[in-house]
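Everything below concerns the one structure shown next.
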Amino acid sequence: MAKVVYAVSMPLDGFVAGKNQSVENPLGEGGEQLHRWLRALSAWRAMHGLEQGEENVSSALFEEDDEGAIVMGRNMFGGGPGPWGDEPWTGWWGDDRPFHKPVFVLTHHPRPPLVAEGGTTFTFVTDGIESALRQARHAAGSRNVSVSGGGHVAAQYLAAGLIDEIRISLVPVLLKDGVRLFDLVQDASIRLEQTRVLEAPGVTHISYRTSLGWGHLKETRRLAHSESSMTRRSGRGL
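This is the structure in C-alpha cells:
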C-alpha cells in the first residue's frame, strides 16, 4: 500500500535546520553538515553531474526510488517570501531538476505550473496541506508520496496525522540552535514505532511508523461531541 513518507537528515540534538536561515543559506548555519553523508555517495554525485563518490550501506537506501510524487514548502523551493513577481524564481537546481516526478509546492501566492526538463513539474498549491496531499496521491498512483522540507511543512503534516512513516538519517553532529522538528508539532500526541535501523559511515538511518496517540484522539472526539451538542441545542432553540 502506498504511504506518505517524511525523510530528513537530523543532528543528535533534533534540529532540521540551523539558525539564521536565508535565501542565501537555506539550511541555516551549520545545516550543510547534515547532508555530507549524502553528497559523498556516487549515486547522488552522478545525479548532479559529478564523478567518483562512495558506495556503502546508504547507497541502497538512496537508490530506493519508491516516490511517485513530492510535496514541499515554499522555503525549500526557494525564492523568498511574498508574491512571485514578474520574473519568478524557478528553483535551486538548474534546468534538469533531480526529482523527475510531480512536485507540489505549498504557497500563499498563486502561480501557473512550472514544467522542467526530465519529467519534473512544479504545481503551486494555495489551498492547504490536505489539498496538496490529495493532488500528490493522485499523481503518485500506487507509489509513495514524499513530504519534503521544510520543517514547518513536515510538522503540519505530522500534527494532522497525515504522515505514515518517518525516515530519520541521524548525523553525529550538534547544531545547538535553529529549527527543531518536534518542537513545531505543538500539542499533537504522536506515537513512533521503530521499523528499521541501518548503520552507515557518518549516519544512522532509522525508520518509524507513525500514528496519533490516544490523547490526541480523545481530544478530537471531545471536540466533535462538543460541536454536536451545541448543534442540537441550537436546533431546539429555533
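Last residue of the sequence shown? That's 248 in my numbering, and every number before it is there in order.
Using N, Cα and C, we set each Cβ at its ideal position, and we do this for glycine too.
Closest to residue i by C-alpha separation, out of the options, would be which residue?
i	options	result
Ile-178	Asn-66, Ala-79, Lys-29, His-45	His-45
Pro-36	Gly-83, Ala-79, Glu-74	Gly-83
Gly-88	Trp-102, Ala-79, Gly-63	Trp-102
Arg-92	Asp-75, Gly-128, Pro-120, Glu-74	Reading off the sequence, residue 92 comes out as Gly, not Arg. The candidate whose alpha carbon is nearest that of Gly-92 is Pro-120.
Ser-221	Leu-202, Glu-77, Pro-211	Leu-202
Thr-130	Val-163, Ile-173, Ala-79	Ala-79
Gly-182	Val-213, Asp-193, Val-81, Leu-172	Reading the sequence as shown, one finds Pro at residue 182 and not Gly. Selected option, being the one with the closest Cα: Val-213.
Ser-32	Glu-64, Ala-149, Gly-188, Tyr-16	Gly-188
Gly-24	Gly-63, Arg-190, Tyr-218	Arg-190
Met-86	Ala-164, Val-155, Gly-59	Ala-164
Lys-111	Gln-166, His-118, Val-155	Val-155
Pro-211	Leu-71, Tyr-16, Thr-136	Leu-71
Asp-193	Asp-75, Thr-205, Ala-27, Ala-17	Ala-27
Ala-170	Gly-63, Leu-143, Leu-180	Leu-143
Ser-199	Trp-94, His-215, Leu-168	Leu-168
Arg-206	Leu-180, Glu-97, Gly-138	Leu-180
Thr-117	Ile-173, Leu-184, Thr-133	Thr-133
Can you say whether residue i is buried or exposed, counting buried as having 16 or more other CB atoms within 10 angstroms of its CB?
i	result
Pro-21	buried
Val-125	exposed
Ser-152	exposed
Met-57	exposed
Arg-107	buried
Leu-51	buried
Gly-159	buried
Lys-13	exposed
Gly-225	For Gly-225, the predicted model reports a pLDDT of 46, less than 50, meaning its position is unreliable and no value from the coordinates is stated.
His-148	exposed
Leu-60	exposed
Gln-166	buried
Ser-68	buried
Grab the span of the beta strand (DSSP E) containing residue i for me, first residue to last.
i	result
His-215	213-222
Ser-316	Absent from the structure is residue 316, since the part of the chain shown begins at 11 and ends at 248.
Ala-70	Element bounds for Ala-70: not the beta strand (DSSP E) but the alpha helix (DSSP H), 67-72.
Val-195	Segment: none, Val-195 is in no beta strand (DSSP E) and carries neither H nor E.
Tell me whether residue i sits in a helix, a strand or coil according to DSSP, three-state version.
i	result
Met-57	helix
Glu-140	helix
Phe-109	coil
Gln-62	coil
Arg-84	helix
Arg-206	strand
Ala-115	Strictly speaking, residue 115 in this sequence is Val, with Ala absent from that position. Three-state result, Val-115: strand.
Val-163	helix
Glu-39	coil
Mind checking which residues open and close the alpha helix (DSSP H) that includes residue i?
i	result
Gln-31	Looking at the DSSP string, Gln-31 is not in any alpha helix (DSSP H), and its letter there is neither H nor E.
Trp-47	46-49
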